[in-house]
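For reference, the structure discussed in these notes is given below.
Number of protein chains: 2
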Amino acid sequence: MADILHRVGVHGASPEAVYEALTTPTGLAGWWTEDTTGDGGTGGQLRFRFPPVGGFDMDVVETRPAERVTWRVADGPAEWIGTTIDWTLRRDGDYTIVLFEHRGWAEPVEFMHHCSTKWATFLLSLKSLVETGRGAPAPGDVPISDWH
Amino acid sequence: MADILHRVGVHGASPEAVYEALTTPTGLAGWWTEDTTGDGGTGGQLRFRFPPVGGFDMDVVETRPAERVTWRVADGPAEWIGTTIDWTLRRDGDYTIVLFEHRGWAEPVEFMHHCSTKWATFLLSLKSLVETGRGAPAPGDVPISDWH
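Chains as they are written, first to last, in the numbering used here: chain A, 506 to 653; chain B, 506 to 653.
Structural data, given as structure tokens:
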């Protein structure tokens, strides 16, 4: 098993503000993909689409306000199905620290390398959204390669 | 053991051009840190400094022109010492694909999460340097958190 790990700090923002951006369709549409629908509460399902290439359905496994969010991938690329995505939040001085863990990849395939880099750009998009009100969600996301 | 994995594609550039940016102090200073000295050939050592916080000494273990570069960390933060960094290059259409692997972390500590995200920003800096002639090396690198 292999994991993608990241850490960013959102300056001048509360854990509550970051939590809002991780649990509401409007918040998620502001940094990951504009085509986000569903229910971000525990037991809900979120649907993220990236036209024309597909997307992800996430079962929301856990939400602890301002502290933690866990998703399990219900549908999407074969390598993603059954993996889990954890978000852990804490305040540290003027920052909200975001620890990100996309766990349970069966193999460290090339697509996992791509997703690792792409997740970093989306975490910086999340940081920007909460700090400035403006993220870079798909379809206006940062291109990193021939795989977009 | 845990690994940091990334993938970017450098558009309109040859593997030779990316290799140059990975094996010469001038190239490395253009995307990672301006304070880069040493010898990037096999058997050489590269010294990367990030004033005032320290830096890394890398033993160059392998260089295969336009294909592969491997460094072993000789000095730096305790968590980095003994880890290895592999760069694999290949042409794919209009892109040079860069696979990056920072292998052999003893534990997936929070500092590893940070380094994973920070590596992504430096890979995008490398991409930008080779595509446009302008990267974002330290001290002008992209801030991601309270840890810079």
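Think of the CB as a built atom: it goes at the ideal place given N, C-alpha and C, for glycine as much as any other residue.
Which residue spans inside the stretch 529 to 561 of chain A form an unbroken beta strand (DSSP E) run of at least 3?
540 to 543 and 550 to 554
Can you look up Thr588/A in the DSSP assignment and give me helix, strand or coil?
DSSP places Thr588/A in coil when its eight states are reduced to three.
Report buried or exposed for Gly645/A, applying the criterion of at least 16 other Cβ atoms within 10 angstroms of its Cβ.
exposed
Do you know offhand how far Gly638/B's Cα is from Trp592/B's?
Spanning the two alpha carbons is a distance of roughly 20 Å.
Are the C-beta atoms of Asp651/A and some chain B residue less than 7 Å apart?
yes
Using a Cβ-Cβ cut-off of 7 Å, state whether His607/A counts as contacting chain B.
no
For Trp585/B, tell me which candidate among Glu572/B, Met617/B, Ser650/B and Arg554/B has the shortest Cα-Cα distance.
Met617/B
Helix, strand or coil: how does DSSP classify His516/B here?
DSSP places His516/B in strand when its eight states are reduced to three.
Using beta-carbon positions only, say whether Ala625/B and Ala625/A come within less than 7 Å of one another.
yes
For Trp536/B, which residues from the same chain have a beta carbon less than 6 Å from its beta carbon, with the 5 sequence-adjacent residues on both sides left out?
Ser630, Leu631, Leu634, Gly640 and Pro642
List the whole-angstrom C-beta distance separating Phe553/B from Thr568/B, where the pair is believed to meet the contact cut-off of C-beta under 8 Å.
About 17 Å; that fails the 8 Å criterion.
Can you tell me whether Thr601/B is buried or exposed? The criterion is at least 16 other CB atoms within 10 Å of its CB, across all chains shown.
buried
Please name the residue or residues paired with Trp597/A in a DSSP beta bridge.
Contrary to the premise, residue 597/A reads as Asp rather than Trp in this sequence. Answer is Tyr600/A.
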